[in-house]
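Residue numbers (UniProt numbering): 1 to 410.
Idealized CB from N, CA, C, for every residue including glycine.
To keep things clear, I will list the structure first and then write my remarks on it.
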């Protein structure tokens, strides 16, 4: 009986313990069920967030491709700008060589002006000899009042020629000084163009480095996106960081575009300035060719004066004819009589030289003869002090060649 009682007691104790364990197991199952529901809700939220992150990633990839195309277009623009700068540099070198040749020609013109002064002195001496011969011959009984009048007219013509040659010499000196000043302006402009070209090279190198830096930033952004896909926790913070990086990258690309536009504008302005320099040289060459033509004609006149001076006084002053013609030089090398007096057959060239300089209006009329023959004319579209440079998309700007500052860039 005792054993049976003990057995019953043990069974009751085991049943009680079993019930307690069953209750604990049920309570634990309820807690796990609640935990599972919470985890399911979190899983659904994380799936939704993962889908949103995937959408953002696809958008970022699309923007990255667009930015890549923009970088390629910008790189091509830089290459084109570099080619234009090289061609501009070659043009500037040619202009410099032409300017040096122009300076040499100006020196030659100055030497010729000195030679002309010597010829003028010789002609003055000849005129004095003619005056002495005239005074001796005036005592002759065969002279008539009409011949005396014609002789005085001849002397006045010769004196006018001397004064005209003197004016011509002065005008040649002024023209030479103007040509030298114009050469100096072109030289200063060439030096400033060289400085601008160097600055463009530096700016191009800087932009190239920025393109490389942006490419590395793009690679870093791709790596961060890949890491964001692999790691699920803290996705919101990483997404914000990624958006900040994308904004910074887009701002950098925008700044690079603005700098590229500014570089293109500077290049257009430089090319326009170089075209103006070429126009200046072209006008200067025309001026020099006209000056050479005028000097050749004056040399011809002086040679004829020498030939006439070598003749005996009886042949130069008094002839047995009744006609005196004073001929002037025409624009087409044609001679027209100015006076018809019955005394001589000599043809005296009247070299009344006039110079008209109008620097304020940008035009120079070189020495012309009495019939207004213009040997050379310098009339550019703009005055030499200021040339107009128009920029694409902007109003026209006056550039002062006397004081053109060096252009600075960021």
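| Check | Outcome |
| --- | --- |
| Residue of 205, 209, 304 minimising C-alpha distance to residue 82 | 205 |
| Cβ neighbours of residue 270 in the same chain (closer than 7 Å, five flanking residues each side left out) | 88, 193, 196 |
| Cut-off 6 Å between Cβ atoms - residues of its own chain near residue 110, not counting five sequence neighbours on either side | 176 |
| Residue burial classification, residue 159 (beta-carbon count within 10 angstroms, cutoff 16) | exposed |
| Start-end ranges of the alpha helix (DSSP H) lying completely within the stretch 124-204, minimum 4 residues | none |
| Cα-Cα separation between residue 291 and residue 198, rounded to whole angstroms | 38 Å |
| Stretch-stretch touch, CB-based, cutoff 8 Å, three pairs: the stretch 150-169 with the stretch 254-272 | no |
| Three-state secondary structure (DSSP) of residue 405 | Below a pLDDT of 50, predicted positions are generally treated as unreliable, and residue 405, at 39, falls in that range; the measurement from the model is reported next regardless. DSSP places residue 405 in coil when its eight states are reduced to three. |
| Exposure of residue 203, with buried meaning 16 or more beta-carbon neighbours within 10 Å | buried |
| Nearest to residue 74 (by Cα), restricted to the options 307, 252, 126, 128 | 252 |
| C-beta contact flag for residue 263 and residue 186 at 8 Å | no |
| Rounded C-alpha distance that separates residue 119 from residue 102 | 26 Å |
| Within 8 Å, strictly: CB atoms of residue 190 and residue 277 | yes |
| Option nearest residue 129 by Cα separation, candidates 66, 107, 155, 170 | 155 |
| Residue 226 versus 173, 54, 213, 272, residue with shortest Cα-Cα distance | 54 |
| Pick from 72, 36, 63 that is closest to residue 208, judged by C-alpha positions | 72 |
| Where residue 213 falls, given that 16 or more other Cβ within 10 Å makes a residue buried | exposed |
| Buried/exposed call for residue 152, threshold 16 Cβ in 10 Å | exposed |
| Cβ distance (whole Å) where residue 295 is taken to contact residue 124 below 8 Å | Wrong, their Cβ atoms sit about 20 Å apart, outside the cutoff. |
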